[in-house]
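Chains as they are written, first to last, in our numbering: chain V, 1090 to 1522; chain P, 1363 to 1599.
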């Protein structure tokens, strides 16, 4: 018991000294809790509002909440995995100290759960306080009473818990540390996600039909965006690993330079923890997918003569406001990914300097690695967007130009640019720290 | 820069906060010589070695290579100068964790734009009997193997000066002999070597020995035996 208390004290002190890792983790949990909480507040308030207003608010808060949930869970699970992977060395030291498996596992869960609980509580507190402050919210068609009931108070922590728990439980299960294996649960969940995504695509009507026409296909396409983004976040690192292995074999005799160093760092990160590729991917796929589905829907409606050539169902200011939360959350997480992997980067940097690297070379390597993460994330995102928009575009026999205009729409481009900027800033900042 | 002939530490002092760790009033290292630095654990030997190569800035004093004040250089200029003048073995080897043993040697040559880096790196590993480990990552090597790979990197670089932090620590007798032979061969080829070590037999084979006692590094002196070094460390000489 005394030994466990000593370890608990040492663990708490380590949590303070590793504040950079934990504060980045806490910041993402906090931001996710705020974003998810705010969207759920909208959904809950809409549900209790009178008929026309409630329906109108619900029509944009529900997709917003779904997008925030998709972005929040992806960012949180990636960040949890990255954070836990930084403590492998500390945990090996615990084994040397004679820490038994169960107390060690309890501490691992305790450390992460404490930070997650505190950050979720703070995020939820902000949402409740803001709702109390801004209610009733004046809207064009009436004033909306903001409600933070059970959906917000239970839904927000539940969403955070569902997103963070797998990485924490996995880290606890791997104590005492042993070589990494791809977990059965992860393989099963990837297969399930892929199957449900393919099922959703297969179940979509192949052409606008019935009373709703193209509008009936839009919810299916939006579902494909969410499922496709989650599936791609699982599949992309594995696919990248295969491509990178081939590329590295091809370059094995080339001299070491910025490109090769960045490729190596990226390949190692992809193998170890997915390199955070899921974050730019979700930040681009969700907002870009939303816009693409509506643009493709417009195309189908115009094709059917239900929409004049100059008319559009997609309201850009509304789309941007819907996309802002997931895009900003993904950008913030993307920047913090580099800080989360700070200790590993510092060790590599120190040894590269001893081998003769200059500060410029280290900065350029970090920026190139950020670019590689962004490239893979964006390619995956564009694939998801194309997959989601394909049934609508295929039904209208759209030209190649229309396909490109729909998939690479302004929201896709804007979010991709935001994501690249955040990753580059994160890579520069991590060098300074 | 590869013609650098003389390395001097002048009134160098290392402090962490207000605590003085170690001082080096006057140390001079010439090409083709070997200098051992001995002293108790925690006496600041590694800090001095890092100051010598510019990996750490001394709290006061200067490190001068020929007429160039290393302590006045910063950023890329310092890194380029260090790259061209020094081969470095850090206490834990200083190998990049994500690169294989061969790549760890090769990268140091590539960063110096030395042609035919791969065969040269392979030859350096061969010289120390490490070719069978060339594909292994540092995490898959023992502490002694990591030190030898780091030393192979210095052998391949052929820099004017080399600083070695505990080059024979955690080595078996045969591997130790290989490294000592490598150090002496490197010096004979014109390299000025400074080795921080607890291995008094290695120190006795060096041209000069400097001792840290009472937080001060003595001026290097010539010694003939381990017994003389022990006298030096006890302050009897």
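Yeah, the Cβ is synthetic: ideal placement off N, Cα and C, and Gly gets one too.
9 Å Cβ cut-off: residues of chain V touching residue i
i	result
residue 1468 of chain P	1344 and 1345
Proximity of residue i and residue j at Cβ, strictly below 8 Å
i	j	result
residue 1321 of chain V	residue 1473 of chain V	yes
residue 1507 of chain V	residue 1420 of chain V	yes
residue 1545 of chain P	residue 1571 of chain P	no
residue 1351 of chain V	residue 1469 of chain V	no
residue 1368 of chain P	residue 1449 of chain P	no
residue 1109 of chain V	residue 1428 of chain V	yes
residue 1209 of chain V	residue 1113 of chain V	no
residue 1390 of chain P	residue 1422 of chain P	no
residue 1472 of chain P	residue 1345 of chain V	yes
residue 1542 of chain P	residue 1564 of chain P	yes
residue 1514 of chain P	residue 1492 of chain P	yes
residue 1478 of chain V	residue 1375 of chain V	no
residue 1447 of chain P	residue 1521 of chain P	yes
Chain P contact residues for residue i, given Cβ-Cβ distances below 8 Å
i	result
residue 1441 of chain V	1458 and 1469
Residue i versus residue j: straight-line alpha-carbon distance, rounded
i	j	result
residue 1504 of chain V	residue 1140 of chain V	34 Å
residue 1424 of chain V	residue 1378 of chain P	32 Å
residue 1426 of chain P	residue 1412 of chain P	14 Å
residue 1363 of chain P	residue 1163 of chain V	Its pLDDT being 45, under 50, residue 1363 of chain P is placed unreliably by the model, and the measurement read from it follows with that caveat. One C-alpha to the other measures close to 52 Å.
residue 1397 of chain V	residue 1391 of chain V	6 Å
residue 1518 of chain V	residue 1452 of chain P	26 Å
residue 1213 of chain V	residue 1406 of chain V	27 Å
residue 1220 of chain V	residue 1126 of chain V	10 Å
residue 1511 of chain V	residue 1430 of chain P	41 Å
residue 1455 of chain P	residue 1465 of chain P	14 Å
residue 1192 of chain V	residue 1166 of chain V	24 Å
residue 1241 of chain V	residue 1315 of chain V	21 Å
residue 1263 of chain V	residue 1201 of chain V	15 Å
residue 1499 of chain P	residue 1459 of chain P	7 Å
residue 1521 of chain V	residue 1444 of chain V	Residue placement at residue 1521 of chain V cannot be trusted, given a pLDDT of 47 that sits under 50; the coordinates are not used to answer.
residue 1334 of chain V	residue 1370 of chain V	21 Å
residue 1498 of chain V	residue 1415 of chain V	17 Å
residue 1417 of chain V	residue 1471 of chain V	18 Å
residue 1439 of chain P	residue 1511 of chain P	27 Å
residue 1418 of chain P	residue 1409 of chain P	7 Å
residue 1408 of chain V	residue 1384 of chain V	11 Å
residue 1527 of chain P	residue 1404 of chain P	13 Å
residue 1142 of chain V	residue 1243 of chain V	25 Å
N- and C-terminal bounds of the beta strand (DSSP E) containing residue i
i	result
residue 1593 of chain P	Counting along the chain, residue 1593 of chain P falls outside any beta strand (DSSP E), though it belongs to the alpha helix (DSSP H) covering 1588-1595.
residue 1359 of chain V	Where residue 1359 of chain V is concerned, there is no enclosing beta strand (DSSP E), although the alpha helix (DSSP H) it sits in stretches over 1347-1362.
residue 1368 of chain P	1368-1378
residue 1390 of chain P	1381-1392
residue 1569 of chain P	Taken as a continuous stretch (DSSP letters only), residue 1569 of chain P belongs to no beta strand (DSSP E), as it is neither H nor E.
residue 1461 of chain P	That residue, residue 1461 of chain P, is in no beta strand (DSSP E); it is neither H nor E in DSSP.
residue 1423 of chain P	1422-1427
Contact set between residue i and chain V, taken where Cβ atoms lie within less than 7 Å
i	result
residue 1435 of chain P	Within chain V, no residue comes near residue 1435 of chain P; the closest Cβ sits about 12 Å away, beyond 7 Å.
residue 1480 of chain P	1342
residue 1450 of chain P	1443
residue 1526 of chain P	Going along chain V, no residue has its Cβ under 7 Å from residue 1526 of chain P, so there is no contact; the nearest lies around 12 Å.
residue 1445 of chain P	1445
Neighbouring residues, chain P, relative to residue i (Cβ below 7 Å)
i	result
residue 1447 of chain V	1438, 1441 and 1442
residue 1354 of chain V	1460
residue 1357 of chain V	1460
residue 1436 of chain V	1459
Limits of the alpha helix (DSSP H) - the one that residue i falls within
i	result
residue 1474 of chain P	First-last for residue 1474 of chain P: undefined, no H or E at that position.
residue 1427 of chain V	1405-1429
residue 1434 of chain P	No alpha helix (DSSP H) contains residue 1434 of chain P, which DSSP labels as neither H nor E.
residue 1402 of chain V	It is not in any alpha helix (DSSP H) - residue 1402 of chain V carries neither H nor E in the DSSP assignment.
residue 1497 of chain V	From DSSP, residue 1497 of chain V is part of no alpha helix (DSSP H); its letter is neither H nor E.
residue 1387 of chain V	1367-1392
Where residue i meets chain V, residues with beta-carbon distance less than 8 Å
i	result
residue 1472 of chain P	1344, 1345 and 1346
residue 1417 of chain P	1442 and 1443
Worksheet item: Three or more beta-carbon pairs under 8 Å between the segment 1396-1412 of chain P and the segment 1550-1563 of chain P, yes or no?
Response: Yes, they touch.
Worksheet item: How do the segment 1478-1485 of chain P and the segment 1456-1471 of chain V stand: do at least 3 beta-carbon pairs fall below 8 Å, yes or no?
Response: no
Practice prompt. Mind the definition here: the segment 1535-1553 of chain P touches the segment 1574-1581 of chain P only if three or more C-beta pairs lie below 8 Å; say whether that holds.
Written response: no
Discussion item. Contact between the segment 1523-1535 of chain P and the segment 1491-1506 of chain P is defined here as three or more beta-carbon pairs at a separation below 8 Å; is this criterion met?
Written reply: Yes, the segment 1523-1535 of chain P touches the segment 1491-1506 of chain P.
Fill in: Inter-stretch contact at 8 Å, needing at least 3 Cβ pairs: the segment 1304-1319 of chain V / the segment 1474-1491 of chain V
Yes, the segment 1304-1319 of chain V touches the segment 1474-1491 of chain V.
Practice prompt. Report yes or no: do three or more beta-carbon pairs, one from the segment 1151-1160 of chain V and one from the segment 1278-1293 of chain V, lie closer than 8 Å?
Written response: no
Fill in: Cβ pair count under 8 Å reaching 3, the segment 1131-1140 of chain V against the segment 1161-1179 of chain V
no
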